[in-house]
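So the sequence shown is numbered by my numbering: it starts at 48 and just counts up by one. All C-beta atoms in this analysis are idealised placements derived from N, C-alpha and C, irrespective of residue type, glycine included.
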Amino acid sequence: MAIAGIVMLVVTISLVIGYYPQDLAKSSESNVQRKYGTVDTTMGSPILGSDSAKVTIVEFGDYQCPQCDNWFRTVRPDIEKEYVGTGKANLYFVDLAFFGPDSKKAAQATYCAEDQGKYWEFHSMLYSNQKGINDGWANTDNLKSFATHLNLDRNLFDSCLDSGKYQNRVEKNVLEAKRNGASGTPTFIIVGSDGKQQMIEGAQPFSAFKQVLDSMT
Numbered sequence: 048m049a050i051a052g053i054v055m056l057v058v059t060i061s062l063v064i065g066y067y068p069q070d071l072a073k074s075s076e077s078n079v080q081r082k083y084g085t086v087d088t089t090m091g092s093p094i095l096g097s098d099s100a101k102v103t104i105v106e107f108g109d110y111q112c113p114q115c116d117n118w119f120r121t122v123r124p125d126i127e128k129e130y131v132g133t134g135k136a137n138l139y140f141v142d143l144a145f146f147g148p149d150s151k152k153a154a155q156a157t158y159c160a161e162d163q164g165k166y167w168e169f170h171s172m173l174y175s176n177q178k179g180i181n182d183g184w185a186n187t188d189n190l191k192s193f194a195t196h197l198n199l200d201r202n203l204f205d206s207c208l209d210s211g212k213y214q215n216r217v218e219k220n221v222l223e224a225k226r227n228g229a230s231g232t233p234t235f236i237i238v239g240s241d242g243k244q245q246m247i248e249g250a251q252p253f254s255a256f257k258q259v260l261d262s263m264t
């Protein structure tokens with residue numbers, strides 16, 4: 048598959064969705080446990096939003112999941128605008144990579160990008176360039192080309208990805224997702240400041256999230 052045709056998509060889509068402001072995305076600290084309700088996000092993404100937000104949204108997803116991509120494009124921008132950007136809620140992504148080897152490799156690649164401070168940019172790149180399930184768009188060569196497009200240090204990124212540095216991290220996330228009852232993607236658990244939580248299954252419309260979030264903020 049020609050990578051040039053893939054990476055060009057992100058140029059157009061980013062005008063609508065945008066990449067994430069640095070003040071919203073903070074690097075994860077793997078030595079500090081981050082638990083919200085029953086969900087341990089320690090091995091997941093860095094936080095998106097304020098760590099003092101009253102509500103935490105945890106998304107369990109797969110980068111090859113079509114409905115995850117649909118939610119990313121149609122619902123998450125509104126959640127970012129109304130809740131994350133205003134400090135009312137924050138967001139974590141925990142891998143439930145089960146569509147195939149490319150799903151797991153793509154998840155590992157996001158943490159290699161996180162090593163260079165660009166987790167959320169790589170996360171966006173993946174969804175913005177999603178194609179068919181297991182058709183090669185998320186193979187190792189394309190993941191490395193995405194890294195080039197984001198101006199990552201290729202020597203560091205390639206070494207990280209080729210070594211399987213984050214293979215165990217992704218597997219732990221999959222187990223955490225299943226432990227919390229996530230059997231498909233996307234699945235969301237929304238946790239309030241009082242520890243009460245609610246699950247939303249599937250790429251539900253913004254109105255479904257708004258109802259839950261407004262009851263907790």
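Length of the line joining the Cα atoms of residue i and residue j
{"i": "F256", "j": "G228", "result": "19 Å"}
{"i": "V259", "j": "I237", "result": "8 Å"}
{"i": "D109", "j": "W184", "result": "14 Å"}
{"i": "D98", "j": "G134", "result": "9 Å"}
{"i": "D87", "j": "V105", "result": "10 Å"}
{"i": "V141", "j": "S192", "result": "24 Å"}
{"i": "E248", "j": "H196", "result": "33 Å"}
{"i": "T264", "j": "Y139", "result": "17 Å"}
{"i": "N220", "j": "Y166", "result": "16 Å"}
{"i": "G242", "j": "T85", "result": "8 Å"}
{"i": "F169", "j": "K101", "result": "27 Å"}
{"i": "A194", "j": "S171", "result": "12 Å"}
{"i": "S230", "j": "M246", "result": "12 Å"}
{"i": "G179", "j": "T157", "result": "19 Å"}
{"i": "G211", "j": "F204", "result": "11 Å"}
{"i": "G91", "j": "E129", "result": "23 Å"}
{"i": "D200", "j": "S206", "result": "10 Å"}
{"i": "Q244", "j": "Q80", "result": "19 Å"}
{"i": "Y83", "j": "L222", "result": "16 Å"}
Residue i - DSSP class collapsed to helix/strand/coil
{"i": "F256", "result": "helix"}
{"i": "V141", "result": "strand"}
{"i": "T195", "result": "helix"}
{"i": "F146", "result": "coil"}
{"i": "D261", "result": "helix"}
{"i": "T16", "result": "Here the chain has residues from 48 to 264 only, and residue 16 is not among them."}
{"i": "A229", "result": "coil"}
{"i": "A185", "result": "coil"}
{"i": "I126", "result": "helix"}
{"i": "S240", "result": "coil"}
{"i": "D162", "result": "coil"}
{"i": "H170", "result": "helix"}
{"i": "Q177", "result": "coil"}
{"i": "Q155", "result": "helix"}
{"i": "D116", "result": "helix"}
Distance CB(residue i)-CB(residue j) smaller than 8 Å
{"i": "G147", "j": "N176", "result": "no"}
{"i": "P233", "j": "C159", "result": "no"}
{"i": "L208", "j": "Q155", "result": "yes"}
{"i": "K152", "j": "T103", "result": "no"}
{"i": "Q111", "j": "S150", "result": "yes"}
{"i": "P252", "j": "E161", "result": "no"}
{"i": "V131", "j": "G96", "result": "yes"}
{"i": "Y174", "j": "F119", "result": "yes"}
For residue i, the residue or residues it bridges with in DSSP
{"i": "D87", "result": "K82"}
{"i": "F235", "result": "E106, I247"}
{"i": "I136", "result": "Correcting the residue type first, residue 136 is Ala in the shown sequence and not Ile. According to DSSP, A136 bridges with V102."}
{"i": "L222", "result": "In the DSSP output, where bridge partners are listed per residue, L222 has none listed."}
Distance cut-off 7 Å: residue i Cβ against heavy atoms of the ligand MN
{"i": "Q251", "result": "Only the bare structure without any ligand can be found here, which leaves the ligand MN out of the picture."}
For residue j and residue i, believed in contact at Cβ under 8 Å, the rounded distance
{"i": "A144", "j": "V217", "result": "6 Å"}
{"i": "F107", "j": "A224", "result": "4 Å"}
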